[in-house]
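Novice: If you read the sequence shown in UniProt numbering, its first letter stands for residue 1, the second for the next number, and so on.
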Amino acid sequence: MKKVLFVVFLILGLFLIGSFSELHIKEINAVPGDVKMIRSSDIGDYAKAVLFEDKTHKTFGVAEIEKKFGFLYRYDGGTWGYMLEEGRPFQASGIGDDDDFLVVIKTAKKSNIEYIALGNHMEGVMPEDKYELTLNEVRENIDEYYLKEVKDNYVLFVTEEYSEDTWTIRAFNKDGNLIADELFGGDPRYIDWE
1 MKKVLFVVFL ILGLFLIGSF SELHIKEINA VPGDVKMIRS SDIGDYAKAV
51 LFEDKTHKTF GVAEIEKKFG FLYRYDGGTW GYMLEEGRPF QASGIGDDDD
101 FLVVIKTAKK SNIEYIALGN HMEGVMPEDK YELTLNEVRE NIDEYYLKEV
151 KDNYVLFVTE EYSEDTWTIR AFNKDGNLIA DELFGGDPRY IDWE
């Protein structure tokens, strides 16, 4: 009987050690690699979105970190290895599932980008089209957009789903003028219609 109990406790112990080996007290420790957290945002009460930089490769990414037992964190997927290409206004990266879509954007240091909007209320605008849009128009149609202020050249969005609209990105300067975009199906570009 003692041997059976010993085996049961041994199997239970190995199971618990295996289960807890992926759990961490700090959310950034759940992200694989040598990374530093830039910021995080709650995804409901079950997870966190973590924007991070990889210290070794000088890249950035976003991870979904699952909350366990209210105080422990487990890596639940992510995207990393993104760099801002020279001459581009920003670089975007995203990851999603059926419940949410996470988008992280890094802006160029000298881009003058102060605000980023995900979304679209203008039907039929294609990447090759010239169009006009201001930050005030975005605010007037805020139910069609997610809007954030850029801090330390980064923004992190937690949206409900991946769609053409949540992958349509527009960047504005401090005066609310459109200065860059990435329309769905296009590349990031500075806006210069002149």
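All residues carry an ideal CB built from backbone N, CA and C; glycine is no exception.
1) Can you look up L14 in the DSSP assignment and give me helix, strand or coil?
2) Would you kindly report the start and end of the unbroken beta strand (DSSP E) that includes R74?
3) Kindly identify the DSSP beta-bridge partner or partners of E85.
4) Kindly list the residues whose CB is nearer than 6 Å to the CB of P188, restricted to its own chain and excluding five residues on each side of it in sequence; keep chain order.
5) Could you give the residue range of the alpha helix (DSSP H) that holds L135?
6) Tell me the rounded alpha-carbon separation between G124 and A171.
7) On the criterion of 16 or more Cβ atoms from any shown chain inside 10 Å, does G185 qualify as buried, or is it exposed?
8) May I have the straight-line CA-CA distance separating K67 from K48, to the nearest angstrom?
Specialist: For this structure:
1) Because the pLDDT at L14 is just 40, under 50, the model does not fix this residue reliably, and the point stays unresolved.
2) L72 to Y82
3) Answer is none; E85 lacks a bridge partner.
4) R88, P89, F90 and E182
5) L135 to E140
6) 19 Å
7) exposed
8) Between K67 and K48, the C-alpha separation is close to 7 Å.
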